[in-house]
Amino acid sequence: MRRTQRDCLIAILNNSRISILVIGNGRWGSRVSKVLRECEDFQVSIGSARTSLQYLTPKYLEKFEFIWICTTNILQFAILEHLEKRVPRQKIVIEKPYYGDLNRFINLVSKIPNLKISQPWTSVNYGEILK
């Protein structure tokens, strides 16, 4: 029998309460947060991508274990560069990354060791990403 995303998430996280910040409340961010909220063990907060740099202070970010970036291509680099030195322990997931400037992206990835890349086109479920 195939396990559901929720089953996988719960098994991976051992039923612990996990706080997740989803940056981006557009179509894709809403979809990701909806799926994540299906797991009652997640405390999901959503932040606007356009105003995110204003509220993404170290004090605010320390409340979250995961930061999931679901923004437009233009905002991805700005948010990643902003988070680069502010999130030493949190895992960052970038949804549908934009590789318009591959060298810049590779440089950022090398500076953020806890960065995961979501690849929805591969049908990998969110539980696999949150490992």
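Residue numbering for the sequence shown follows my numbering, starting at 116 and increasing by one per position. Backbone N, C-alpha and C define an ideal beta-carbon position, used for all residues, glycine too.
Assigned secondary structure, residue i (DSSP; H/G/I helix, E/B strand, else coil)
{"i": "PHE179", "result": "coil"}
{"i": "ILE221", "result": "helix"}
Cα-Cα separation between residue i and residue j, rounded to whole angstroms
{"i": "GLU155", "j": "ILE133", "result": "10 angstroms"}
{"i": "GLN205", "j": "LYS226", "result": "14 angstroms"}
{"i": "LYS231", "j": "ILE209", "result": "6 angstroms"}
{"i": "LEU151", "j": "ILE207", "result": "15 angstroms"}
Where residue i falls, given that 16 or more other Cβ within 10 Å makes a residue buried
{"i": "PRO203", "result": "exposed"}
{"i": "ILE138", "result": "buried"}
{"i": "GLY144", "result": "buried"}
{"i": "THR186", "result": "buried"}
Any non-hydrogen atom of the ligand GTP within 7 angstroms of residue i CB
{"i": "LYS200", "result": "The model depicted lacks the ligand GTP and carries no ligand whatsoever."}
Task: Any alpha helix (DSSP H) of 4 or more consecutive residues that is wholly inside the segment 154-218 - done: 167-170, 173-176 and 188-198
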